[in-house]
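K.L.:
The numbers in the numbering used here rise by one with no breaks, and the one at position 220 of the sequence shown is 296. Shown below is the structure under consideration.
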Amino acid sequence: MEARGLYIKRMTVEREGFLAGANIEFTPGLNVIIGARGTGKTSVIELIRYCLGAGGFTEDAVDRGTQQARAILQGAAVSIEVDGADGPHSFTRSSNGHFSATTATTPRCTVLAQNEVEAVGAQASGRIHLIDRYRERTGEGDREVERLGLELRSLTEQIQAVLAEGSNLTQQLKDAATVRQDLTAAREAQQQLLAQAQATDTDKANLARLEEASNRLAARSARVSDSLSAVQTLSQHLSSIIESSAITIQLAQPDDDVELAQASAHVSRAVEHVRTAVDQLGQATDRLNVATEANVETRRQIDERSRQLRQTLDAVQSGVGVASRRVQELEERLGQLDALTERLNERRARYRAVTARRDQAYERLDAVRDAIFSGREVVADEINATLGPQIRATVMRSARLGAYESAIIAALRGTGIHYNALAPQIARAVSPFELVKWAEEANVAELTASLGIADERAIAIVSALRSGGTPDIIASEIEDDVVLELLDGHEYKPTDRLSIGQRCTVVLPVLLGQHGDPLLVDQPEDHLDNAFIADTLVAALNRRAPGDQFIFTSHNANIPVLGEADQVIVMDSDGDRGYVPIAGRLDDPAVVDAINRIMEGGKEAFERRSAFYSQNSARHQ
């Protein structure tokens, strides 16, 4: 993989804290920080991690590193200068977290604290992080996965709401057929009484018109009420957006920054459009309130005219008024049901539209995950070509199901279903997308066939999922898994079954064998014997490409001496403050003296280096 050419050039600390006034320069290639314990070697590594927000392979290491960096700064700030193809840039972060930079893009670097190297091999997240260090355009794919996950969650929440409302509407419409039958019977009874009363055609026509008006008014009242609720909800949502954007607009007012000023102008115009929309919705609310009042008045007039007409007819033929009242009530109920039917059809159309959008989003997510997997496979192939057969890397597509299983358990908890054994079974057999879709469609047959369970159990699962949990399920992260293995005799053993030292013999060559971002490791020799350091670790360091940068702290002289360090930084302390008395190349007499005085095996390392060069010189004579 092609080297990126970016390197950390300098770290400076303000005049506060243990490393107050520190001004440490680094070079491309291998930089080794040496010094007695307590002189601040680890603090340098953690300050760089903290300033650049480099993250880590384990959450614990990041938390500990952040605490250490802030304690070292004691209210001050640390600055990092980097250099690369797009020129030099600087980044500053204070102990309270305030960050500033001369560019919008923060450079990537890989940092491993003490004991973090062995954790990489033991934890699935660490192995993925290791592979991703060398994957091209890592951030873009990861951000797209996160964005699409949020979109899927939002769309599924909308579908869940539409299904719940549709279910409620369907329940309300259950007696629609009965109402129609009752209305037919009531009309027949009314017509018989009207015939007996010898009512005039005018009276009959007026009565029919009033009954039909009741039907239309009931439908119109239901539509107005539904529209008013929707408009008020939208207005409240847009008003909350305006309130949340107020702080952003206030912050985006610097006169000396053209880009921010222009962005602020765009935001202001957008907010004005939203305010205009809220005003329009307010006017719509006023009109709907007027329509509601008009419906109430119309209802009063219809009821009054109907009452008078029924009284007139009832005086001629007893029972006509009661029968006509029954017809009017049923006409009114039928109008309400017609409005509900219209709403249900609208919800069904919305369900189809939102599910189509979600299908497209999931297809995009699957394509992004495929691209990420392919990029990881490329890295694994390069590792195998470089370090095989001793070390082997394998990437497995969507193999880590823990988050998916947890989402299923959360959805089934409290339902009486034995979810602890069922959740892993579902996660292995059914994708989140399929599970959510089957639950929404109440597709018991597919779930039964996929899991090999009884229909009754599948019905219980579908019912539980429909009542909640589907947004978390469809958005759950299903990550690839990476298996790193060491050839032990004739058998490959995965790193999570190896000893701590064996894990390091796998992880360190992978870290050093691929060209990537600056690599910072605190005491890589921990848990390693001198033979591995001299023969394997040093050999990997000596194969480094010109564009690579390593910054190590170490107590083992083999690393800077046999690794041909490009820069050795000696740290010391007066008890209150750490500082750098010496920094230079490996052939600097002061550096040689410091290595011999401070480091384990310094003299032996130089003797071995001297013997190596003598042998090579003799061969070429």
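All C-beta atoms in this analysis are idealised placements derived from N, C-alpha and C, irrespective of residue type, glycine included. In this text the structure is predicted, and so the values were computed from the model without any measurement.
Do the stretch 498-508 and the stretch 235-242 meet, that is, are 3 or more Cβ pairs less than 8 Å apart?
P.N.:
Flag = no, the stretch 498-508 and the stretch 235-242 do not touch.
K.L.:
Under a three-way DSSP split, which group does I317 fall into?
P.N.:
If DSSP states are grouped into helix, strand and coil, I317 belongs with the helices.
K.L.:
Secondary structure at D642, three-state DSSP: helix, strand or coil?
P.N.:
The answer is coil: DSSP assigns D642 none of H, G, I, E or B.
K.L.:
Report the CB separation of Q377 from A273 in whole angstroms; it is logged as a contact under 8 Å.
P.N.:
Not quite, the Cβ-Cβ distance comes to about 24 Å (not below 8 Å), so this is no contact.
K.L.:
Given a cut-off of 8 Å on the beta-carbon distance, is the pair A469 and G545 in contact?
P.N.:
Against a cut-off of 8 Å, the Cβ pair of G545 and A469 comes out as no contact.
K.L.:
Skipping 5 residues on each side, what residues in its chain have a beta carbon closer than 8 Å to that of V454?
P.N.:
Within the same chain, V454 has close Cβ partners R211.
K.L.:
By the three-class DSSP mapping on this structure, what secondary structure does G225 have?
P.N.:
Residue state, collapsed to three classes: helix.
K.L.:
Hey, how far is the Cα of E157 from the Cα of E522?
P.N.:
Spanning the two alpha carbons is a distance of roughly 58 Å.
K.L.:
Check each candidate in R445, R345, L249, A551 and name the one with the smallest Cα separation from G215.
P.N.:
Minimum Cα distance to G215 is reached at R445.
K.L.:
When burial is assigned at 16 or more other CB atoms within 10 Å of the CB, is R345 buried or exposed?
P.N.:
Answer is exposed; the Cβ neighbour count stays below 16.
K.L.:
Is DSSP giving P657 helix, strand or coil here?
P.N.:
Residue state, collapsed to three classes: strand.
K.L.:
Please identify the residue among I576, D139, A432 whose C-alpha is closest to the C-alpha of F509.
P.N.:
The shortest Cα separation from F509 among I576, D139, A432 belongs to A432.
K.L.:
Exposed or buried, which one is L226 when buried takes at least 16 other CB atoms within 10 Å?
P.N.:
The residue in question, L226, is exposed, as its Cβ has fewer than 16 Cβ neighbours within 10 Å.
K.L.:
Rounded to whole angstroms, what is the Cα-Cα separation between E458 and V614?
P.N.:
Approximately 20 Å between the Cα atoms of the pair.
K.L.:
Quick one: using the 10 Å Cβ neighbour count with 16 as the cut-off for buried, is G492 buried or exposed?
P.N.:
With fewer than 16 Cβ atoms within 10 Å of its Cβ, G492 is classed as exposed.
K.L.:
So for I554, helix, strand or coil by DSSP?
P.N.:
Coil at I554, not helix or strand.
K.L.:
Hey, could you find the ends of the alpha helix (DSSP H) H205 is sitting in?
P.N.:
Segment 200-208, the alpha helix (DSSP H) holding H205.
K.L.:
Leaving out the 5 sequence neighbours to the left and right, which residues in its chain are closer than 6 Å to A694 when beta-carbon positions are compared?
P.N.:
Confidence at A694 is low in this model, with a pLDDT of 47, below 50, so its placement is unreliable and the value that follows should be read with caution. None.
K.L.:
With distance defined between alpha-carbon atoms, name the residue in D355, D414, R299, R209 nearest to V255.
P.N.:
Answer by Cα proximity: D414.
K.L.:
Going by the CB atoms, is the gap between A360 and L314 shorter than 8 Å?
P.N.:
Against a cut-off of 8 Å, the Cβ pair of A360 and L314 comes out as no contact.
K.L.:
Mind pulling the alpha helix (DSSP H) runs of 4 or more residues that sit fully within the stretch 395-463?
P.N.:
DSSP runs (the alpha helix (DSSP H)) wholly in the stretch 395-463: 396-463.
K.L.:
Would you call the stretch 259-273 and the stretch 402-409 touching, i.e. three or more CB-CB distances under 8 Å?
P.N.:
Contact between the stretch 259-273 and the stretch 402-409 is present, because at least three Cβ pairs lie under 8 Å.
K.L.:
Can A475 and D556 be called in contact, C-beta distance under 8 Å?
P.N.:
Going by C-beta atoms, A475 is nearer than 8 Å to D556.
K.L.:
Check Q393 in the structure and name its three-state DSSP category.
P.N.:
Correct three-state label for Q393: coil.
K.L.:
Going by DSSP, what residue range makes up the beta strand (DSSP E) through I582?
P.N.:
The amino acid at residue 582 is misidentified as Ile; the sequence shows Val. It is not in any beta strand (DSSP E) - V582 instead sits in the alpha helix (DSSP H) that spans 576-589.
K.L.:
Which of the three DSSP states is assigned to F175 in this structure?
P.N.:
Reduced to three states, the DSSP call for F175 is strand.
K.L.:
Mind checking who I467 pairs with in its DSSP beta bridge?
P.N.:
L562, per the DSSP bridge assignment.
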